[in-house]
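*Asks:*
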Amino acid sequence: MIERFKGRFGKDVAVFHSKLSDGERFDEWFRVKEGKAKLAVGARSAVFLPFKDLGIIIIDEEHEASYKSDSNPKYDAREIAKYRSKLEGCRVILGTATPSIESYYKAETREIELLNMERE
Numbered sequence: 001m002i003e004r005f006k007g008r009f010g011k012d013v014a015v016f017h018s019k020l021s022d023g024e025r026f027d028e029w030f031r032v033k034e035g036k037a038k039l040a041v042g043a044r045s046a047v048f049l050p051f052k053d054l055g056i057i058i059i060d061e062e063h064e065a066s067y068k069s070d071s072n073p074k075y076d077a078r079e080i081a082k083y084r085s086k087l088e089g090c091r092v093i094l095g096t097a098t099p100s101i102e103s104y105y106k107a108e109t110r111e112i113e114l115l116n117m118e119r120e
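90 is the number that the UniProt record's numbering gives to position 90 of the sequence shown; each next residue is one higher, with no gaps.
(1) Within its chain, find whatever has a CB closer than 8 Å to the CB of residue 61; leave out the 5 residues flanking it on each side and keep chain order.
(2) Pull up the DSSP beta-bridge partners for residue 16, would you.
(3) What are the start and end residues of the alpha helix (DSSP H) that includes residue 7?
(4) Leaving out five residues on either side along the sequence, give the residues of the same chain with a beta carbon under 8 Å from the beta carbon of residue 99.
(5) Assess, as a yes-or-no matter, whether the region 4 to 17 is touched by the region 34 to 45 under the definition of 3 or more beta carbon pairs within less than 8 Å.
(6) From the DSSP secondary-structure annotation, give me the bridge partner or partners of residue 127.
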């Protein structure tokens, strides 16, 4: 997936995940802070990247339990994304073929909107 984004958007893509060295993570973080990266592809910690003008947050496969961090500080990247969207006035898309129970309930109670993608 990362290579597809890099192929499409080139140097505008920051990659942020735990397999990077500390130096590589810092370099990517700094590129975002300086506005040299326009989008990021990464693990749950990418939700904390210091984008200046955040337009949209996309959480792919939102049903995955890996979005919850069990180490301190404990957090759920999906909830952080929703909070950031309120602070920064952007949208969050929770993408999945099988919504989490929490997301499905929120859609049923109209707290969030459920959109179905139709196959053509």
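Yeah, the Cβ is synthetic: ideal placement off N, Cα and C, and Gly gets one too.
*Replies:* The relevant details are as follows:
(1) Looking up residue 61 in the sequence shown gives position 61. 95 and 96.
(2) Looking up residue 16 in the sequence shown gives position 16. DSSP, once it has assigned bridges, lists 42 as partnering residue 16.
(3) Locating residue 7 in the sequence shown gives position 7, where the first residue counts as 1. Residues 2 to 9.
(4) The residue given as residue 99 occupies position 99 in the sequence shown. Same-chain partners within the cutoff: 62, 63, 107 and 114.
(5) At 8 Å Cβ cutoff, the stretches touch.
(6) Nothing can be reported for residue 127: it is not among the residues displayed for the chain, which extend from 1 to 120.
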